[in-house]
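Peer 1: In our numbering, the protein residues as written are 9 to 699.
All C-beta atoms in this analysis are idealised placements derived from N, C-alpha and C, irrespective of residue type, glycine included.
Everything numeric in this text was worked out from a predicted model, so none of it was measured.
Sharing a structure below in structure tokens format, with a few things to ask.
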Amino acid sequence: MSTEINEKPTMPINKAYRLFRSNPSEVLDLCKLVEIVVGRVYFAAYSKHRRHPDTTELHFFSFDRIPLDLGGLAEYVQCLNGKMFDHRYHSKTLVHYCGLGAIDSNLCRDYYNNAALLVGTYAISVKQMKPLIIYELLKSTIDQNNSVFGGDKTTCIDLYDCLNVIYKAVKYKFVDFNTFSCQEYYRSRDLTWIVPDKFIAFRGPIEKYPGQRNDLQYYVKYFQNNNVRTVIRLNSPTDYNSSWFSNSNIEHVDLYFKDGSTPSNVVLQTFLNISERHDGAIAVHCKAGLGRTGTMIAAYLIQHYRMTAHESVAWMRMCRPGSIAGSQQSFLVDNELMLWEKGDEFRIVDSHEQRVAVKFCFLLGKDTAETVNLLKTAYKDDAFGKTQVHEWFTRFKNGELSIDHLPDLSRPSTSQHDKHVEQIRVLVYEDRRRTIQELSELSGIICNSVQRILTEVLLLNYIAEKCVPQLLTVLQKENRTQFCSMLKDHFQSDPNFFSKIITGDELWYYGYNPEINHQSSKSKHVNFTRQIKSDVKIILICFFDVKGIVHSEFVPQYQIVNQVFYLEILERLRNSVRDKRPNLWQSGEWFFHHDNASAHTAISVRQFYTKNYMIPLSHPPFSPDLAPCDFFLFPRMKRYLKGKHSVEVNEVEQKTLEVLKDIKENEFQRCFEQWEMRLEECINSNGEYIL
């Protein structure tokens, strides 16, 4: 029994008759006809399964793959390319056909959508067609469902998501379908490259059951030959001893969470920080290398490449069919915006580093071409282009040596408002502690407009004088609650717990110059004095406990607080603890609290903690209301320093140190008491902000 098909041919019926003029019966049960290559390649969908014999003008072929995977897509592209240049078909039109006459309507839909994905992959990868254009041509109206990987309405992957991720995979060079080795892909199904030279997913090896698919010696040799420097295990550590890898100079990391479940925020952020900051390729596995492994790598794809959750799931399932369960897919969808924001922050940091490098090259007398080549050597595909470098060189030549905010390098916007929104967004992500006044001065946009952009467009609010999203996701609230509960449990088991914590962070602020503003003669005030921001930018790093300041220092001008510099700071902090808190130092039991900035969570920094017996307390993202530096110290300092800044760096630093010395010990004690109350309030409010 055939399924009833109501679709009309995509092409006008007269074109269909012209195409099939040698055999007009081909039009009778034709449901859809799409021209892929003008006059050469067509896609035809029929309501019935039947043979379509070749004619002197037409060559019919079909290609069924269920489930569809990366090998099938590559095989199809290579097959169709082969037919295009095969002398037997030089004078023939190629027609890829699929029959929809299945008893099961779901199977009918799967046949069509899989065939459409095959054709779309060829159109995108070989003919450079845009995903939306080919989707509009290929999309089916059968049940209004274009799902390729099945699932219900909330977890299915639409054909459009699949075409989009094919486009991105080709763009980012994840795959070259022309050179892809299908034989190698199917021979190594338990070991799959997801992102070349970056991520490989594999089935968890079992030490007591040797064999090629899970032989530890095989994996070690393969990883060494392919620059895999880190192995991340997500399942139980009982299947093999990690020394197999660590003894072979391959770092091994355990980030366990239950099979079929989703990772905690700590596990997820640790994984992503390793992924973003680690050199060399990373191999990830759980038990089967599908659910947990797929979820974590998909999160990286969302953050690093700004894929949608559905696109990342689609790519994982193309590479490794069966990856990512429904609940794990929902987890990725729920955290899509958070991962995009986190990725934006990483990109802004990288942008700042490149701006420093561009300025350094300019000061050395390098030209634009030399600078571009140096950046490409260091940053590869993420490097600034010639246009961006030229824009910065032009600014520097005009005497504008500040790199604190970006020139407008984007394409012309449709409105001035769009430019202002992007300008404010970049400035906020560079430093979330910037006030509305500072944002106004940096952007040249009046304060009222800045406030409207923050609250109405970017949906940001100030909490503890730091810009954060107005609304927290469910996961973000859970992470905040877990953090507060952890600290509360520590305190209940040890009443002296808070006296063992040293907390710290960085603060950016500017010097100010007095300026006389001459008003109109019609005003009753002839002039007035106001403060304007100078070029003096100060970065203070400060650590304190319940007794007061333990260590503080100023970051040298133009120095970036990256992991290398932060390690130097931590060493100096340890020396200060030994000198100023000898009892804490001798006990060897002190906790270290800071936020989750990339420099704070780098692998080398975490190794430093382990080596020196420092116990870090992981801080949840977007939680300045739970950080003593943010809700107590830095706002207090800014209030004291307001109007007292000067143009000289030494003077600003001296006044800053005076403010720090003036804060009494009992004020630090009240800060920690307030922190404890905030933790309780956050738990009681299920993770909401503390205002």
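1) With three or more C-beta pairs closer than 8 Å as the rule, is the region 471-487 touching the region 633-648?
2) Check each candidate in 564, 550, 404 and 485 and name the one with the smallest Cα separation from residue 515.
3) Rounded to a whole number of angstroms, what is the C-alpha to C-alpha distance between residue 537 and residue 686?
4) To the nearest angstrom, report how far apart residue 365 and residue 351 are at their CA atoms.
5) May I have the straight-line CA-CA distance separating residue 465 from residue 102, to the nearest angstrom?
6) So for residue 207, helix, strand or coil by DSSP?
7) Between which two residues does the alpha helix (DSSP H) holding residue 254 run?
8) Between which two residues does the beta strand (DSSP E) containing residue 600 stretch?
9) Would you grab the beta carbon distance between residue 282 and residue 611 for me? Rounded to a whole angstrom, and I think it's under 8 Å.
10) Applying the criterion that 16 or more other CB atoms from any shown protein chain within 10 Å of the CB defines a buried residue, is residue 8 buried or exposed?
11) Can you confirm whether the region 327-335 touches the region 291-305 when touching is taken to mean that 3 or more C-beta pairs between the two stretches lie within less than 8 Å?
12) Give me the Cα-Cα distance between residue 122 and residue 434, rounded to the nearest whole angstrom.
13) Helix, strand or coil, according to DSSP, for residue 630 in the structure here?
14) Which of helix, strand or coil does DSSP assign to residue 196?
15) What is the C-beta distance between residue 242 and residue 210, in whole angstroms, given that I count them as a contact (C-beta under 8 Å)?
16) Suppose contacts are defined by Cβ-Cβ distances below 7 Å. Is residue 347 in contact with residue 311 by that definition?
17) Have a look at the DSSP bridge pairing and note the partners of residue 101.
18) Assign residue 386 to buried or exposed, taking buried as 16 or more other Cβ atoms, counted over all protein chains shown, within 10 Å of its Cβ.
19) Please state if the CB of residue 239 and the CB of residue 214 are separated by a distance shorter than 7 Å.
20) Can you tell me whether residue 247 sits near the ligand GDP, meaning its C-beta is under 6 Å from at least one heavy atom of the ligand?
21) Measuring straight from C-alpha to C-alpha, what distance separates residue 50 and residue 67?
22) Give the range of the beta strand (DSSP E) segment to which residue 477 is assigned.
23) Considering just the uninterrupted stretch of the alpha helix (DSSP H) at residue 273, what are its terminal residues?
24) Write down every uninterrupted run of the alpha helix (DSSP H) in the region 574-613 whose length is 4 residues or greater and which is fully enclosed by it, in chain order.
25) What's the C-alpha gap between residue 338 and residue 237?
26) Using C-beta distances below 7 Å, list every residue in its chain close to residue 105, excluding the 5 sequence neighbours before and after it, in chain order.
27) Have a look at residue 164 and residue 342 and give me their C-alpha separation to the nearest angstrom.
28) Is residue 141 buried or exposed, if buried means 16 or more other CB atoms sit within 10 Å of its CB?
29) Can you tell me which of 627, 587, 57 and 120 puts its alpha carbon nearest to the alpha carbon of residue 42?
30) Should the region 585-600 be called in touch with the region 493-510, which here means at least 3 C-beta pairs below 8 Å?
31) Residue 551 by DSSP, collapsed to three states: which one?
32) Mind checking whether residue 235 and residue 177 have CB atoms under 7 Å apart?
Peer 2: Checking against the coordinates, here is how it stands:
1) Between the region 633-648 and the region 471-487, the count of Cβ pairs shorter than 8 Å is three or higher; the stretches touch.
2) As a working mapping, residue 515 is identified with position 507 in the sequence shown. For the options 564, 550, 404 and 485, the alpha carbon positioned closest to that of residue 515 is the one of 550.
3) The count along the sequence shown starts at 1 and reaches residue 537 at position 529. The count along the sequence shown starts at 1 and reaches residue 686 at position 678. Note on residue 537: pLDDT 39, under 50, position unreliable in the model; no value is reported.
4) Against the sequence shown, residue 365 aligns to sequence position 357. Against the sequence shown, residue 351 aligns to sequence position 343. Rounded to whole angstroms, the gap between the alpha carbons of residue 365 and residue 351 is 21 Å.
5) Here residue 465 is taken as the residue at index 457 of the sequence shown, counted from 1. Here residue 102 is taken as the residue at index 94 of the sequence shown, counted from 1. Looking at the two C-alpha atoms, the distance is approximately 50 Å.
6) By 1-based counting over the sequence shown, the position of residue 207 is 199. Correct three-state label for residue 207: strand.
7) By one-based count along the sequence shown, residue 254 stands at place 246. Here the alpha helix (DSSP H) through residue 254 covers 251-254.
8) The residue labelled residue 600 in the question sits at position 592 within the sequence shown. Residues 599-602.
9) Here residue 282 refers to the residue found at position 274 of the sequence shown. Here residue 611 refers to the residue found at position 603 of the sequence shown. The beta carbons of residue 282 and residue 611 sit about 6 Å from each other, so the pair counts as a contact at 8 Å.
10) Residue 8 cannot be examined here, being either before or after the span of the chain that is shown, 9 to 699.
11) Below 8 Å, enough C-beta pairs join the region 291-305 and the region 327-335 to call them touching: three or more.
12) Your numbering for residue 122 matches position 114 in the sequence shown. Your numbering for residue 434 matches position 426 in the sequence shown. When rounded, the separation of the alpha-carbon atoms in residue 122 and residue 434 is 41 Å.
13) By 1-based counting over the sequence shown, the position of residue 630 is 622. If DSSP states are grouped into helix, strand and coil, residue 630 belongs with coil.
14) Here residue 196 corresponds to residue number 188 of the sequence shown, with the count starting at 1. Residue 196: coil per DSSP, three-state reduction.
15) One-based indexing of the sequence shown puts residue 242 at position 234. One-based indexing of the sequence shown puts residue 210 at position 202. Cβ-Cβ separation between residue 242 and residue 210: approximately 11 Å, too far for a contact (criterion under 8 Å).
16) In the sequence shown, residue 347 corresponds to position 339, counting from 1. In the sequence shown, residue 311 corresponds to position 303, counting from 1. Yes.
17) Along the sequence shown, read from residue 1 onward, the residue named residue 101 stands at position 93. When beta bridges are read from the DSSP output, residue 101 appears opposite 66.
18) Numbered from 1 along the sequence shown, position 378 holds the residue referred to as residue 386. Sixteen is the threshold: since fewer than 16 other Cβ atoms of the shown chains lie within 10 Å of the Cβ of residue 386, the residue is exposed.
19) Sequence index remark: in the sequence shown, residue 214 carries index 206 (1-based). Sequence index remark: in the sequence shown, residue 239 carries index 231 (1-based). Not a contact, by the Cβ cut-off of 7 Å.
20) With respect to the ligand GDP, the structure shown offers nothing to examine, as it has no ligands at all.
21) Here residue 50 is taken as the residue at index 42 of the sequence shown, counted from 1. Here residue 67 is taken as the residue at index 59 of the sequence shown, counted from 1. Going by the C-alpha atoms only, they are around 10 Å apart.
22) Position 469 of the sequence shown, counting from 1, holds the residue named residue 477. Start and end: 474-477.
23) Against the sequence shown, residue 273 aligns to sequence position 265. Per DSSP, residue 273 belongs to the alpha helix (DSSP H) from 273-285.
24) Runs of the alpha helix (DSSP H) lying entirely within the region 574-613, each at least 4 residues long, are 590-595 in chain order.
25) By one-based count along the sequence shown, residue 338 stands at place 330. By one-based count along the sequence shown, residue 237 stands at place 229. Answer to the nearest angstrom: the Cα atoms are 31 Å apart.
26) For the purposes of this step, residue 105 is identified with residue 97 of the sequence shown, where counting begins at 1. Only 52, 54, 60, 68 and 70 meet the Cβ criterion.
27) The residue given as residue 164 occupies position 156 in the sequence shown. The residue given as residue 342 occupies position 334 in the sequence shown. So the alpha carbons of these two residues sit roughly 15 Å apart.
28) Position 133 of the sequence shown, counting from 1, holds the residue named residue 141. Residue 141 is exposed by the Cβ-count criterion.
29) What you label residue 42 is simply residue 34 of the sequence shown in a count that begins at 1. Closest by C-alpha distance to residue 42, out of 627, 587, 57 and 120, is 120.
30) With the cut-off at 8 Å, the region 585-600 and the region 493-510 touch.
31) For this step, residue 551 is matched to residue 543 along the sequence shown. Here residue 551 sits in strand by DSSP.
32) Residue mapping note: residue 235 aligns to position 227 of the sequence shown, counting from 1. Residue mapping note: residue 177 aligns to position 169 of the sequence shown, counting from 1. With contacts defined as CB atoms closer than 7 Å, residue 235 and residue 177 fail to qualify as a contacting pair.
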